[in-house]
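Start counting the sequence shown at 0; every next residue gets the next number (numbering that gives the first Met the number 0). Even for Gly, the Cβ is constructed at its ideal location relative to N, Cα and C. On a predicted model such as this, the values are computed, not experimentally measured, just so you know. Report on the following structure.
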Amino acid sequence: MPELNKDIIFLILKELQQDDVKSLYPYLLINKTWCETTVPILWKNPVNRYYEINKVNNNLFNVIISHISEESKENLKNQGIEIFTKTYKRPSFNYISYWRHLDLLFLQLMMDFFLKYKNIERFKFSIIGKEILNLFNKNTKFIFLNLINSQRFNTFHISGTENCFSELETFHCNDFINCNVLKRLAIINTSIKELKFEIDNNIDKPGIVRLIEVQKNLKNVYLILNYTYVVNESYHTAIENSLIKCANTVQYLRIDWKPYTKFLSYFVNLLSLEIKAPHDANWSHLEEISLPLLKFLKTHSIPSRVLTSLIKNTKAHLIEISIFYQGIDDGKLIKTICQSCPNLSYLRLSMYNTNDILKFEDLLINCLSLNRLEITGMNVSNEFNWDMLFIILAKFSPIGLFKFKFSSYGSKFKSSSLKLFFDNWKNRYPMLLQIISAEHISNDRKKLENLVQIYKVNGIVEKYNIDGDDFEGFK
0 MPELNKDIIF LILKELQQDD VKSLYPYLLI NKTWCETTVP ILWKNPVNRY YEINKVNNNL
60 FNVIISHISE ESKENLKNQG IEIFTKTYKR PSFNYISYWR HLDLLFLQLM MDFFLKYKNI
120 ERFKFSIIGK EILNLFNKNT KFIFLNLINS QRFNTFHISG TENCFSELET FHCNDFINCN
180 VLKRLAIINT SIKELKFEID NNIDKPGIVR LIEVQKNLKN VYLILNYTYV VNESYHTAIE
240 NSLIKCANTV QYLRIDWKPY TKFLSYFVNL LSLEIKAPHD ANWSHLEEIS LPLLKFLKTH
300 SIPSRVLTSL IKNTKAHLIE ISIFYQGIDD GKLIKTICQS CPNLSYLRLS MYNTNDILKF
360 EDLLINCLSL NRLEITGMNV SNEFNWDMLF IILAKFSPIG LFKFKFSSYG SKFKSSSLKL
420 FFDNWKNRYP MLLQIISAEH ISNDRKKLEN LVQIYKVNGI VEKYNIDGDD FEGFK
């Protein structure tokens, strides 16, 4: 049988990698050609294989430091840093040259774990970190760079290593970043597709504005405000104005403050919007905005009247909606979703009163593609009527809807209400069920779990958890 050439082998391995990168391990052992083709794929992003915060892999760090030159080893030794054994040898492959995803937080965690294991004094960590950065800067061409929470590498710089970052596609940082890094990136790189910028202290970073302005194909933007009580209107306005220059290419946007300009009106190709801000914010710049292609909407603390206008202007393309804490509006928002979102498949919603529940019946009848539902019962003035909601759900849910998550916000969640739901769900597809905020359940948790387990045995519930994370299959 003739041997396959490297190009064919590479295409085969790329297909196999889509399922599970670990499935490629056996191909390292076939022969030299297969090994030489597999190694670059496995080492493109080792973070995928080793990123366990509490079990950072020492073996991977050993491979990294095995690339350090004899001169650098001697330099470290002269500074009292002994991390090498006599058995250290240069590896057969230059693994670092294949590395395309540079995550400095990952390197920091791995380095800290290793050096503590070796009993190296903490003040020497930065010296070793500098040597490690030199390895990467000399040998690699990155498409991903994460600088968030990487204090050990505060000396990181771009100057002199521009070639390594000229093809960067994903860039994550916060406002502790050195301004010179942003300035250099804005000069050498216009190919960033995903940008995540976390704002911690709201100190102006004009470099981020320039970096955004020069991008030619920016698609995903995350503007994360970690401290919502901090306001810097001029800074946020400058960022919004810079985004206008990328409006034709951006498809996903997360913004953690209320818009100060009408910049969103330029985003006619936007597919996904995530936005949150203080509930008492002035939302005038979001009203009457038209996002005709929007498919995914996630909001927190945006008033119902603003959301109603926004959803009406999406031209019936919305398929996923997540809305939390929108305020009381006597069912107007639910009515708008019912009328404007015929293709809706996922809905997360805060519900306040009987008017919301009554309007929800029409939504279930009209949104026949709905297959996943998350409801938060809000107890504002009167007790939220779970019994009424469960009766409507059991009677009017479309045939494909069987994934439910229910949470209470100040309202009591009774076992008797859930029993009513189960009894009316007979002869339907077994549900996947999650219940959150169990501390508000009036009956004890054990009684609730026993109830759900009975209906699991009876085939009403396929899988469930209480106060847990989303399980496999729910999403």
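Proximity to residue i [Cα-Cα], best of the options
i	options	result
Asn-179	Thr-169, Arg-209, Arg-89 and Asp-199	Arg-209
Val-305	Ile-274, Leu-222 and Phe-295	Ile-274
Ile-8	Met-109, Ser-271 and Tyr-26	Tyr-26
Asn-219	Leu-242, Ser-233, His-100 and Pro-205	Leu-242
Thr-260	Asn-268, Ala-276 and Ile-238	Ile-238
Ser-396	Trp-424, Asn-268, Lys-418 and Asp-328	Trp-424
Leu-400	Asn-352, Leu-346, Ile-356 and Tyr-234	Leu-346
Glu-130	Ile-82, Lys-117, Cys-172 and Asp-328	Ile-82
Asn-464	Glu-448, Tyr-454 and Glu-287	Glu-448
Ile-176	Lys-192, Leu-194, Phe-164 and Ile-207	Ile-207
Val-267	Thr-313, Tyr-454 and Ile-301	Thr-313
Leu-217	Asn-240, Lys-244 and His-235	Lys-244
Thr-139	Tyr-97, Asp-361, Thr-307 and Phe-60	Tyr-97
Ile-221	Asn-370, Leu-367, Pro-205 and Lys-195	What sits at residue 221 in the sequence shown is Tyr, not Ile. Tyr-221 has its Cα closest to that of Lys-195, out of Asn-370, Leu-367, Pro-205 and Lys-195.
Lys-294	Glu-35, Leu-309, Leu-224 and Ile-95	Leu-309
Lys-76	Val-62, Val-38, Ile-119 and Asn-44	Ile-119
Straight-line gap, residue i to residue j (C-alpha atoms, nearest Å)
i	j	result
Ser-289	Leu-132	46 Å
Asp-466	Asn-162	48 Å
Glu-212	Asn-247	12 Å
Ile-11	Lys-5	10 Å
Leu-432	Asp-386	17 Å
Lys-462	Lys-404	12 Å
Ser-167	Ser-407	This sequence places Leu at residue 167; Ser is not what is there. Cα to Cα, the separation comes out at about 44 Å.
Ser-349	Ile-322	7 Å
Leu-270	Tyr-251	6 Å
Ser-344	Thr-335	16 Å
Asp-203	Leu-392	49 Å
Pro-341	Ile-364	10 Å
Ser-414	Leu-285	41 Å
Thr-281	Ser-68	In the sequence under discussion, the amino acid at residue 281 is Asn, which differs from the Thr named in the question. Whole-angstrom Cα-Cα distance: 58 Å.
Lys-394	Leu-332	22 Å
Ile-198	Asp-255	10 Å
His-316	Glu-232	32 Å
Gly-458	Leu-388	22 Å
Glu-382	Ser-283	32 Å
Phe-105	Val-46	7 Å
Thr-375	Leu-357	16 Å
Trp-33	Ile-40	11 Å
Ala-437	Val-451	Any answer about Ala-437 is weak, because its pLDDT of 49 lies below 50 and its placement is not dependable; what the coordinates show is given next. Going from the Cα of Ala-437 to the Cα of Val-451 covers about 14 Å.
Ile-147	Phe-170	10 Å
Cys-172	Leu-108	17 Å
Ser-300	Val-249	24 Å
DSSP three-state assignment for residue i, whether helix, strand or coil
i	result
Asp-329	coil
Asp-111	helix
Ser-303	helix
Asp-102	strand
Tyr-408	strand
Phe-124	helix
Leu-210	helix
Ser-71	helix
His-439	Here the model assigns His-439 a pLDDT of 47, short of 50, so the residue's position is not dependable, and the following value carries that caveat. Of the three classes helix, strand and coil, the one that applies to His-439 here is helix, per DSSP.
Leu-400	coil
Ile-202	coil
Asn-231	coil
Asn-80	Looking at the sequence itself, residue 80 is Ile, so the reference to Asn does not match. Coil at Ile-80, not helix or strand.
Lys-425	coil
Counted within 10 angstroms of its Cβ, other Cβ atoms place residue i as buried (16 or more) or exposed
i	result
Tyr-24	exposed
Pro-90	exposed
Lys-54	Unreliable positioning characterises Lys-54 in this predicted model, as indicated by a pLDDT of 49, which lies under 50. The coordinate reading is nonetheless provided below. The residue is exposed, with fewer than 16 neighbouring Cβ atoms inside 10 Å.
Glu-373	buried
Arg-427	exposed
Pro-291	exposed
Ser-257	Sequence check: residue 257 is Lys here, not Ser. Under this definition Lys-257 is a buried residue.
Leu-28	exposed
Asp-422	exposed
Tyr-116	exposed
Lys-402	buried
Gln-78	exposed
Phe-124	buried
For residue i: DSSP bridge partner residues
i	result
Gly-376	Met-350 and Ser-407
Thr-169	Phe-143 and Glu-193
Ile-254	Leu-222 and Ile-274
Asn-321	The sequence given here has Ser at residue 321, not Asn. Paired residues: Lys-297 and Arg-347.
Lys-31	Answer is none; Lys-31 lacks a bridge partner.
Met-430	Val-460
Arg-371	Tyr-345 and Lys-402
Ile-465	Ile-434
Contact test: residue i Cβ vs the ligand MN heavy atom, cutoff 6 Å
i	result
Glu-319	Because no ligand of any kind appears in the structure shown, any question about the ligand MN cannot be addressed here.
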